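There are 2 protein chains.
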Amino acid sequence: MKNMLVAQSGGPSAAINATVAGVIDAGISSGEIENVYGALHGIKGVLNEDFVVLNEVCKEPATRDLLSVTPAAALGSCRWKLDDPSKNEEQFQNIINILRKNNIGYFIYTGGNDSMDTVYKLSLYCESHGIHDIKIMGAPKTIDNDLGETDHCPGFGSAAKFIATAFSEIACDSYVYDIPSVTIVEVMGRNAGWLTASAALARTEKRRVPQLIYLCERAFDVDVFEMDVRQALKENMNVIIAVSEGVKDAQGRYVGEETKSGKEDAFGHKYLSGIGKYLEGVVGERIGCKVRSVELNVLQRCAGYMLSNTDITESRNLGAYAAISAIRGESGKMSALKRLDTKDYQVEIELADLSKIANVEKKVPMEWITEDGHDIKEELVDYLRPLIQGEVNVPYENGVPKNFILE
Amino acid sequence: MKNMLVAQSGGPSAAINATVAGVIDAGISSGEIENVYGALHGIKGVLNEDFVVLNEVCKEPATRDLLSVTPAAALGSCRWKLDDPSKNEEQFQNIINILRKNNIGYFIYTGGNDSMDTVYKLSLYCESHGIHDIKIMGAPKTIDNDLGETDHCPGFGSAAKFIATAFSEIACDSYVYDIPSVTIVEVMGRNAGWLTASAALARTEKRRVPQLIYLCERAFDVDVFEMDVRQALKENMNVIIAVSEGVKDAQGRYVGEETKSGKEDAFGHKYLSGIGKYLEGVVGERIGCKVRSVELNVLQRCAGYMLSNTDITESRNLGAYAAISAIRGESGKMSALKRLDTKDYQVEIELADLSKIANVEKKVPMEWITEDGHDIKEELVDYLRPLIQGEVNVPYENGVPKNFILE
Chain A
183 MKNMLVAQSG
193 GPSAAINATV
203 AGVIDAGISS
213 GEIENVYGAL
223 HGIKGVLNED
233 FVVLNEVCKE
243 PATRDLLSVT
253 PAAALGSCRW
263 KLDDPSKNEE
273 QFQNIINILR
283 KNNIGYFIYT
293 GGNDSMDTVY
303 KLSLYCESHG
313 IHDIKIMGAP
323 KTIDNDLGET
333 DHCPGFGSAA
343 KFIATAFSEI
353 ACDSYVYDIP
363 SVTIVEVMGR
373 NAGWLTASAA
383 LARTEKRRVP
393 QLIYLCERAF
403 DVDVFEMDVR
413 QALKENMNVI
423 IAVSEGVKDA
433 QGRYVGEETK
443 SGKEDAFGHK
453 YLSGIGKYLE
463 GVVGERIGCK
473 VRSVELNVLQ
483 RCAGYMLSNT
493 DITESRNLGA
503 YAAISAIRGE
513 SGKMSALKRL
523 DTKDYQVEIE
533 LADLSKIANV
543 EKKVPMEWIT
553 EDGHDIKEEL
563 VDYLRPLIQG
573 EVNVPYENGV
583 PKNFILE
Chain B
183 MKNMLVAQSG
193 GPSAAINATV
203 AGVIDAGISS
213 GEIENVYGAL
223 HGIKGVLNED
233 FVVLNEVCKE
243 PATRDLLSVT
253 PAAALGSCRW
263 KLDDPSKNEE
273 QFQNIINILR
283 KNNIGYFIYT
293 GGNDSMDTVY
303 KLSLYCESHG
313 IHDIKIMGAP
323 KTIDNDLGET
333 DHCPGFGSAA
343 KFIATAFSEI
353 ACDSYVYDIP
363 SVTIVEVMGR
373 NAGWLTASAA
383 LARTEKRRVP
393 QLIYLCERAF
403 DVDVFEMDVR
413 QALKENMNVI
423 IAVSEGVKDA
433 QGRYVGEETK
443 SGKEDAFGHK
453 YLSGIGKYLE
463 GVVGERIGCK
473 VRSVELNVLQ
483 RCAGYMLSNT
493 DITESRNLGA
503 YAAISAIRGE
513 SGKMSALKRL
523 DTKDYQVEIE
533 LADLSKIANV
543 EKKVPMEWIT
553 EDGHDIKEEL
563 VDYLRPLIQG
573 EVNVPYENGV
583 PKNFILE
């Protein structure tokens, strides 16, 4: 019997460990795998032969359940792309040698665009070199939701649920005082506005917040923003605004770039505050009302207490599907979600072609953004809503959520 | 039968609505109250006779349960102190007239130090003017936990639970990469370090984070901080630091004050970034490793999905106790928590003297801070731990926690 290897790559998310749990589930239950190894810190751990035996560490189903609700990346991650195989063939042969030496016949790599590039390059190398004893599969992961060929990405639903909830709580907080106020909330997303759009899921019949939503797909104009805010303040005592960290002007420059990075502090290094702080300045200076900015920061990607059950279930299934497909002989593909054309939300898992995924960013379609540029359309809300449904009761220990931590 | 009036004041917290729910519970079940009114936006709502009938709005026990798990302040709040009665007696007489006009015999005010000052002044006015038909009681509330005469404050336990959890999640996020990194987390607290100390509750046997904790009670020295961080980096790949937003140097100036506010941006207004960003600059410049800062911001006080059951239960009981005490004839006091000297955590509710509470800030005792100044002692952990125990299953609607919103 051969061994299976799994590794995690790219930025942390609340669901990537669920995908690994799914790989372990499938490896154990297949009866065709000797050991499921985990490489520490992604492809770097493969090159260093830094392995743990996951079917031992996570032997108990309860341990795999705990792993699946632990945020970040329990095996560690890396941000590291393989070289061009035409320039550094040795690196690729090295990986193959290490896999063969450890009797690994199946390698599952979870991650986003860059990670799928690794999977793609490695599988092309195998194909072109007649290597058929090692199957290489990708499993998607990115809170940014920007991978092609899959309806949505593991980790996104939980991040979106956190963001919607945070906006709901920030609204409760803002509506406390009866003086006009503006709250600007900066949401992750350099090139894709999916996470920022999720703020709209905070809206209820009683309270329609945020009133303004700016995605990074559309050119941002500070003067138009000022007019939008003035108008919103006429209609609301408390205005709450969602803005992508990566909004750019019509020339493609990050908004406020000069101000944000032009000044040096006492140590001579440049200020690098975000778009939230910048727009806080704009509102304070031009409108003069009470204004504050909130940066959701890393909490939006690693909030293990705010998991979408839909997300965690799908993530685990995608890991299991990638593993089973590899055992069945598939290679060079990624497990992906296909949304069915049914009244109630339903997905199917399928295999997607890596050539269409590696290094491609899927952005929010312009037709899902309102013409005035400061809101999203109902079609986008309909797309997003099912992804945050369902709660996961995570175990607590001493008053704090319990996490799986590798010894 | 007389009416009862309740109002909320000061900054939002996750538990202040539970206290109002307790007041309504007690008002209804006493059988001695005609109506429980809620004044909107604190004492301002009293002066404006801006009342809602809470025993109607929250008639159903399920509605009061929903209110008790809704963050912020459902009745709205204000930051507004009554004038000195010797200078503006009219203001006080005005309030008494409005209460009498509405047949209000009991007024319960929830809030922190400033709010207890309002209760105190008003009760002194009644006493000195022979007004015995109106009983005025305070119920404590502040995430800062800085009220005297009570073991701890409603809202603090839930905020502490959020903070401990956030540190645990940030640790998961930080430990993902195998390169040295420093994460500085800025926690609320201008003058009292209770919230920052709560970060220690994230520590488990497997992972002792944060490694460094700086409370605002102790003078902060940037050079010592640099040495602390260098030492911590020798012992840990990833260093996580908790710091009170209000740390000051030996001269009592906010740390980095000059840098933080000395620069002007393109609009000519001054930068006002926090201590986290400032220390991020210090680490980046002097040590040069990967560094980032996280500001927990308003989420730490209004996270309705991360409630301490201990906190919510106590907060509701404190509201009920204040209401019942007023009906029994007490006035000019605050309901307070007394921790019993038992092996397992137990509290009793008692009445405390407002003269010792109004405008007094209870800080973390210096003997609970380690001599090296960058950690807290076990006695403080033992004090904090019981306050974050127990989870509350909040209701969700459409994937987001449901909140009570006044129509």
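Line order of the protein sequences matches chains A and B.
For the first sequence, this note's numbering gives the first residue as 183, with consecutive numbering after it.
For the second sequence, this note's numbering gives the first residue as 183, with consecutive numbering after it.
Note that beta-carbon positions come from the ideal geometry of N, C-alpha and C, so glycine has one too.
Only a predicted model underlies this, so the values are computations on that prediction, with no experimental measurement involved.
Helix, strand or coil at residue i according to DSSP, with G and I counted as helix
i: Ile539/B; result: coil
i: Gln528/A; result: coil
i: Met409/B; result: helix
i: Tyr359/B; result: coil
i: Ser490/A; result: strand
i: Val574/B; result: coil
i: Arg521/A; result: strand
i: Tyr453/A; result: Bear in mind that a pLDDT of 42 at Tyr453/A, under 50, signals an unreliable position, so the number given afterwards is only what the model happens to contain. Coil, per DSSP.
i: Ile343/B; result: Strictly speaking, residue 343/B in this sequence is Lys, with Ile absent from that position. Note: Lys343/B maps to helix in three-state DSSP.
i: Asn185/B; result: strand
i: Glu417/B; result: helix
i: Val582/A; result: strand
i: Gly204/B; result: helix
i: Gly444/B; result: Confidence is the limiting factor: at Gly444/B the pLDDT is only 44, short of 50, which leaves the residue's position unreliable, though a coordinate-based value still follows. Correct three-state label for Gly444/B: helix.
i: Ser513/B; result: coil
i: Gly463/A; result: helix
i: Leu329/A; result: coil
For residue i, the residue or residues it bridges with in DSSP
i: Ser475/B; result: Ile366/B
i: Thr292/B; result: Gln190/B and Ala321/B
i: Val425/A; result: Glu368/A and Tyr396/A
i: Pro267/B; result: None, per the DSSP bridge assignment.
i: Val404/A; result: Paired residue(s): none; Val404/A is not in a bridge.
i: Val218/B; result: Met186/B
i: Tyr436/A; result: Lys430/A
i: Ser195/B; result: Ala254/B
i: Ala485/A; result: In the DSSP output, where bridge partners are listed per residue, Ala485/A has none listed.
Chain A contact residues for residue i, given Cβ-Cβ distances below 9 Å
i: Gly258/B; result: Tyr357, Val358, Tyr359 and Asp360
i: Ala384/B; result: Val582
i: His223/B; result: Val358, Tyr359 and Asp360
Other residues of its chain near residue i: CB distance less than 8 Å, five sequence neighbours each side excluded
i: Gly450/B; result: Because Gly450/B carries a pLDDT of 42, less than 50, the predicted location of this residue cannot be relied on, and no value is offered for it.
i: Ala448/A; result: Caution is warranted here: a pLDDT of 41 is assigned to Ala448/A, below 50, making its placement in the model unreliable, and no coordinate value can be reported.
i: Gly511/A; result: Lys317
Neighbouring residues, chain B, relative to residue i (Cβ below 8 Å)
i: Glu347/A; result: In the sequence as displayed, the identity of residue 347/A is Thr instead of Glu. Neighbours of Thr347/A on chain B, chain order: Tyr487, Val582 and Pro583.
i: Lys515/A; result: Simply none; closest approach about 26 Å.
Chain-ordered chain B contacts of residue i [CB-CB under 7 Å]
i: Gln571/A; result: Gly581
i: Ile587/A; result: Lys388 and Arg389
i: Pro243/A; result: None at all; the shortest Cβ gap to chain B is about 21 Å.
Same chain, Cβ closer than 7 Å to residue i, neighbours up to 5 away in sequence not counted
i: Thr201/A; result: Thr292, Ala321, Lys323, Pro336, Ser497, Arg498, Leu500 and Gly501
i: Glu399/A; result: Gly375, Lys545, Val546, Met548 and Ile551
i: Ile130/A; result: Nothing about residue 130/A can be reported from this structure: the residues present for chain A run from 183 to 589 only.
i: Ile345/B; result: Val369, Leu377, Ser380, Ala381, Leu478 and Gln482
i: Met183/B; result: Glu214, Ile215 and Glu216
i: Glu573/B; result: Asn491
Where residue i meets chain A, residues with beta-carbon distance less than 8 Å
i: Asn479/B; result: Val476 and Glu477
i: Lys343/B; result: Gly581 and Val582
i: Arg567/B; result: Asn580 and Gly581
i: Pro336/B; result: Result: empty, since nearest Cβ-Cβ is about 16 Å, beyond 8 Å.
Within chain A, partners of residue i - CB distance below 7 Å
i: Glu591/B; result: No statement about residue 591/B is possible, as the shown extent of chain B runs from 183 to 589 and does not include it.
i: Ala381/B; result: Ordered by position in chain A, no residue passes the 7 Å Cβ test against Ala381/B, which lies about 11 Å from the chain.
i: Tyr578/B; result: Glu573
i: Arg246/B; result: Under the 7 Å cutoff, chain A gives no residues; its nearest Cβ is about 17 Å from Arg246/B.
i: Cys240/B; result: Simply none; closest approach about 16 Å.
Sequence-distant residues of the same chain with beta carbon closer than 6 Å to residue i, five excluded per side
i: Arg468/B; result: Glu408
i: Asn585/B; result: Thr252
i: Ile509/B; result: Ser212 and Glu214
i: Asn420/B; result: Ser356, Tyr357 and Ser363
i: Val476/B; result: Val367
i: Phe274/B; result: Pro267 and Tyr307
Partners in chain B for residue i, counting only beta-carbon separations shorter than 9 Å
i: Ser490/A; result: Gly581
### Message
At 3 residues or longer, what runs of the beta strand (DSSP E) sit wholly inside the region 227-259 of chain A?
### Response
233-235
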